[in-house]
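Under the UniProt record's numbering, the residue at position 315 of the sequence shown is numbered 315, and the numbers go up by one with no gaps. Even for Gly, the Cβ is constructed at its ideal location relative to N, Cα and C. First the structure, in the form of structure tokens, and then the observations on it.
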Amino acid sequence: MATTMAMTMATGGGGVVRRAGARAAQRVRLARRPESCSRSNGAARRRSSGVDCRISDLVCRAEELRWVGETTTAKEAVVVQEKEEEELRWVGETTTAKEAVVAQEEPAVDVSLGPDSRVLVTGAGGRTGQLVLKKLAEQGISTRGLFRTEKSKKKIAKMLGADARVDLVVGDVSSAEDVKAAMEGCTHVVLLSSAKPQIKKRSLVRILVKKLFRMDPGRPSFRWIENGSPEVVDYLGGKAQIDAAVAAGVKQFVYVGSMGGTQSDNFLNTIGDGNILLWKRKAEVYLAGSGMKYTIVHPGGLLNKEGGERKLVIDVDDKILETKERSVPREDVASVVVGCLGLDEAVDTAFDLASKDPEGGSTEPLDVPSLLKTLDGKSCDYALNSEDVENLVLSQ
């Protein structure tokens, strides 16, 4: 029957395609309803359970939209399979403050900063950026957060409450003027800014229709917002931040990137033809050659889980990608980043970060100096993949 329907489509059954597309689009909207709506409409769900099961499978496939980022509208987010989270969130962040709030009291992180230190956090509206701001505020460290929009700034201001030691500003990371103003008076920088792809919604409907007729659904298509491509945000924006930091005499620059930078064929580079990992790596190479003290952290798949519950693992040059344990809670990433600030052992070091289930079911409190010692002096080798990075051509 499926074959007959597919043949009808191929031989001019335009009405079938239009009706199927309309029904598929309607089911996408139903799938995105809040859970309360789904419960109240249980009878309707049972009547269409066969189709909805197929749609559910596709929605999980459609979670590829989170490879680099997530949509900024929570209602448009779809259910994430935990297995997929490990690979689909390497780079991206959202601006939803509520999802960054940890219900329990978070453990303190040792920070090797002097009383006159001030930390600039760029990309502060993202989930990991929010956690870094929060941890620094809890340590009483003077902090400034740079946000892309006034909306995300207000959300984080509400989350943090009245804290005189946290200054929140809005600016464009690719603007030398904005970055220079944000950098004023800061002694340390944590770069968490990143390009975020937007899924083309029509491609989702197309995939759903193909899935319903047992055709190869392919992948969703993505686009970048204006002046929001990896070239602009990750490279030019990263370069602007590095230049401003050098000019301001910043003592240490912590760059949070992503694993996969040694792999030109990594699937993240195919998103919207953005080559996001290559542009990030180009910025990292620029940082390493800036003469400024730096620390580069490449987290694996970012998980929205409690920190301090998994054993952290570090290595270099994407060796962790060859293992099964490639993910890490965002909160643990934030703790490691904060712990590297002002730490001699972290200076001029680039490493990959992941986590695994602890032996015996419990973990020791995070000790960043001890964690870094497991590198045995190793650091990421930027000679790897250097030709592809050097061959990137600016479009403007």
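In this structure, DSSP gives residue 296 an extended state, which the three-state scheme calls strand.
Of 126, 282, 158 and 385, the smallest CA-CA separation from residue 190 is found for 126. Residue 207: member of the alpha helix (DSSP H) spanning 201 to 212, first to last residue.
Rounded to whole angstroms, the gap between the alpha carbons of residue 265 and residue 368 is 32 Å.
In the DSSP assignment, residue 286 falls within the unbroken alpha helix (DSSP H) covering 276 to 288.
DSSP places residue 197 in the strand class (E or B) of the three-state scheme. When the five nearest sequence neighbours on each side are left out, no beta carbon in the same chain lies closer than 6 Å to the beta carbon of residue 243. Here DSSP, grouped into helix, strand and coil, assigns residue 242 to helix.
When the beta-carbon positions are compared, residue 118 and residue 140 stay at least 8 Å from each other.
Counting only runs of 4 or more residues that sit fully inside the region 138 to 197, the alpha helix (DSSP H) segments are 150 to 160 and 176 to 183, in chain order.
With contact defined as three or more Cβ pairs closer than 8 Å, the region 278 to 285 and the region 304 to 321 are not in contact.
With a cutoff of 8 Å on beta-carbon distance, residue 253 and residue 240 are scored as not near each other. Going by C-alpha positions, residue 204 is about 18 Å away from residue 225. Taking 8 Å as the cut-off, the beta carbon of residue 121 is found closer than this to the beta carbon of residue 133. Residue 301 and residue 348 have their alpha carbons spaced roughly 24 Å apart. Under the three-state reduction of DSSP, residue 130 is assigned to helix. Residue 167 and residue 177 have their C-alpha atoms roughly 18 Å apart. Counting along the chain, the unbroken beta strand (DSSP E) around residue 327 starts and ends at 327 to 329.
Of 272, 305 and 306, the smallest CA-CA separation from residue 196 is found for 272. When the alpha-carbon of residue 138 is set against those of 295, 161 and 169, the nearest one is in 161. The region 286 to 301 and the region 336 to 354 touch, with no fewer than 3 CB-CB distances between them shorter than 8 Å. Under the Cβ criterion (8 Å, minimum of three pairs), the region 209 to 216 does not count as touching the region 227 to 236.
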